[in-house]
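One structure below.
Listed below in structure tokens is the structure:
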């Protein structure tokens, strides 16, 4: 029953565009999958009802993108409709895993796409597909890949390493901040190329062990750091955790040869959001509400109605299970409290 509800949700939003107002992401498919995963499938359609006015029609295309002519329209949001049609064809002509493996190394360098929502949407779709392969989920993966391709945006180059066996939380603390934080994410990310220390911070991936362990540690650190630094921007700082977690969710569907580059990109995305939005000073870590558990954290996020609160709670539960424990749930509770007042 839960599977059919998620598929119905994907079908319901399949003719909507990936953005509204020119650049704000359509969070409907991501939040729907997060609610379904949390065992709250009965809440999926009511939440979509509340979000319906924020969805727009799927954009029309301009010209067909040929399989061997993908480079020129990459990162052109005017071609969003063409990219949606392109990946509709791709997902019909080949198994979804083959499409993902071919396009992952093409899209990964542009991980900043849509304020990292491109990779985040793909991560939710892949997690759903790893649970059950259905036409609706295959179609949703295609739409996520199309959005990523249309908004493809590389970060400023990172250094070449070497990898350092340092604590990911300390590494996030060491990320330099962009000097001008008055404008949106594109203006902030544009400053990274000239930011002293950015290349070294972005290239020195913290932690040790396998790429999956290291990405899990980065996600955990970003969740915990939200508890102390999320006030810099309660919405945007969410992505310091959800972007690398999206990469982590895709690894089981990818060959291990792609894991090292995925780790690099996931860390760079987290570092970039940190550089762009983290405040200069942190606040004391939040105390966990009495009796808090994963179910309670999801309930608090749902009560806000905010998709970022829902997705952050989803990632915080992953961090809790990875080893962060109750402090990760406390960070999610702080996020929901902040976004409830937005």
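Numbering (the numbering used here), first residue to last: 2 to 343. By construction, the Cβ of each residue, glycine as well, lies at the ideal position given by its N, Cα and C atoms.
Integer-rounded CB distance, given that residue 316 should sit under 8 Å from residue 246: Along the chain shown, one-based indexing puts residue 246 at 245. Along the chain shown, one-based indexing puts residue 316 at 315. Between residue 316 and residue 246 the Cβ distance is about 5 Å, and since that is below 8 Å, they are a contact.
Determine the burial state of residue 154: buried for a count of at least 16 other Cβ atoms within 10 Å of its Cβ, exposed for fewer. Here residue 154 corresponds to residue number 153 of the chain shown, with the count starting at 1. Flag for residue 154 reads buried.
In DSSP terms, what residue 25 is bridged to: On the chain shown, residue 25 is found 24 positions in, with the first residue counted as 1. According to DSSP, which records beta bridges pairwise, residue 25 is partnered with 21.
If you reduce the DSSP assignment to three classes, tell me which class residue 141 lands in. For the purposes of this step, residue 141 is identified with residue 140 of the chain shown, where counting begins at 1. Helix.
Between which residues of its own chain and residue 30 is the CB-CB distance below 8 Å, once the five residues before and five after are set aside? One-based indexing of the chain shown puts residue 30 at position 29. These residues qualify, in order along the chain: 10, 11, 14, 122, 125, 126, 141, 144, 145.
Within a Cβ cutoff of 7 Å, which residues of the same chain sit near residue 319, ignoring the five residues on either side of it in sequence? Stepping through the chain shown from its first residue, residue 319 is reached at position 318. Answer for residue 319: 220, 246, listed in chain order.
Distance between residue 296 and residue 209 (C-alpha atoms, nearest Å): The sequence position of residue 209 within the chain shown is 208, counting from 1. The sequence position of residue 296 within the chain shown is 295, counting from 1. Approximately 31 Å between the Cα atoms of the pair.
Going by C-alpha to C-alpha distance, which of 40, 18, 100, 94 sits closest to residue 81? Position 80 of the chain shown, counted from the first residue, corresponds to residue 81. For the residues 40, 18, 100, 94, the minimum Cα distance to residue 81 belongs to 18.
Return the chain-ordered list of same chain residues with a C-beta closer than 6 Å to the C-beta of residue 129, the five sequence neighbours on each side being excluded. Here residue 129 refers to the residue found at position 128 of the chain shown. Within the same chain, residue 129 has close Cβ partners 34, 138.
Alpha-carbon spacing of residue 335 relative to residue 305, whole angstroms: Locating residue 335 in the chain shown gives position 334, where the first residue counts as 1. Locating residue 305 in the chain shown gives position 304, where the first residue counts as 1. Between residue 335 and residue 305, the C-alpha separation is close to 12 Å.
Hey, could you find the ends of the alpha helix (DSSP H) residue 190 is sitting in? Working through the chain shown from its first residue, we reach residue 190 at position 189. Its alpha helix (DSSP H) spans residues 186-190.
Residue from 185, 110, 257 whose Cα sits closest to the Cα of residue 238: Residue mapping note: residue 238 aligns to position 237 of the chain shown, counting from 1. Of the candidates 185, 110, 257, the one whose C-alpha sits nearest the C-alpha of residue 238 is 185.
Which residues share a DSSP beta bridge with residue 112? For the purposes of this step, residue 112 is taken as the residue at position 111 of the chain shown. Answer by DSSP bridge pairing, in chain order: 154.
How many Å lie between residue 46 and residue 195 at the Cα? As a working mapping, residue 46 is identified with position 45 in the chain shown. As a working mapping, residue 195 is identified with position 194 in the chain shown. Approximately 45 Å between the Cα atoms of the pair.
Buried or exposed: where does residue 1 fall if 16 or more other Cβ atoms within 10 Å of its Cβ makes it buried? Residue coverage of the chain in this structure runs from 2 to 343, which leaves residue 1 outside it and unanswerable.
Where residue 134 sits in the DSSP three-state scheme: As a position in the chain shown, residue 134 is number 133, starting the count at 1. If DSSP states are grouped into helix, strand and coil, residue 134 belongs with coil.
Is it right to say residue 263 is buried, meaning 16 or more other beta carbons lie within 10 angstroms of its own, or is it exposed? The count along the chain shown starts at 1 and reaches residue 263 at position 262. By the neighbour-count rule (16 or more Cβ atoms within 10 Å), residue 263 is buried.
CA nearest to the CA of residue 213, picked from 253, 61, 64: Translated into the one-based positions of the chain shown, residue 213 becomes position 212. Residue 213 has its Cα closest to that of 253, out of 253, 61, 64.
Buried or exposed for residue 327, going by 16 or more other Cβ atoms inside 10 Å? Along the chain shown, read from residue 1 onward, the residue named residue 327 stands at position 326. So residue 327 counts as exposed.
Could you check what DSSP says for residue 58 in three-state terms: helix, strand or coil? If you number the chain shown from 1, residue 58 lands on position 57. If DSSP states are grouped into helix, strand and coil, residue 58 belongs with the strands.
Going by the beta-carbon positions, is the gap between residue 338 and residue 240 smaller than 8 Å? Residue 338 sits at position 337 when you count from the first residue of the chain shown. Residue 240 sits at position 239 when you count from the first residue of the chain shown. Not in contact: residue 338 and residue 240 (Cβ atoms no closer than 8 Å).
Among 174, 287, 187, 225, whose alpha-carbon lies nearest the alpha-carbon of residue 281? In the chain shown, residue 281 corresponds to position 280, counting from 1. Cα-wise, what sits closest to residue 281 is 174.
When the Cα atoms are used, what is the spatial distance from residue 298 to residue 114? Sequence index remark: in the chain shown, residue 298 carries index 297 (1-based). Sequence index remark: in the chain shown, residue 114 carries index 113 (1-based). Using only the alpha carbons, I get a separation of about 28 Å.
With distances taken Cα to Cα, identify the nearest neighbour of residue 132 among 259, 37, 178, 207. Along the chain shown, one-based indexing puts residue 132 at 131. The shortest C-alpha separation from residue 132 is found at 37.
Consider the Cβ of residue 77: report whether some Cβ of chain D lies at a distance smaller than 8 Å. Looking for chain D here will not work: only one protein chain is present.
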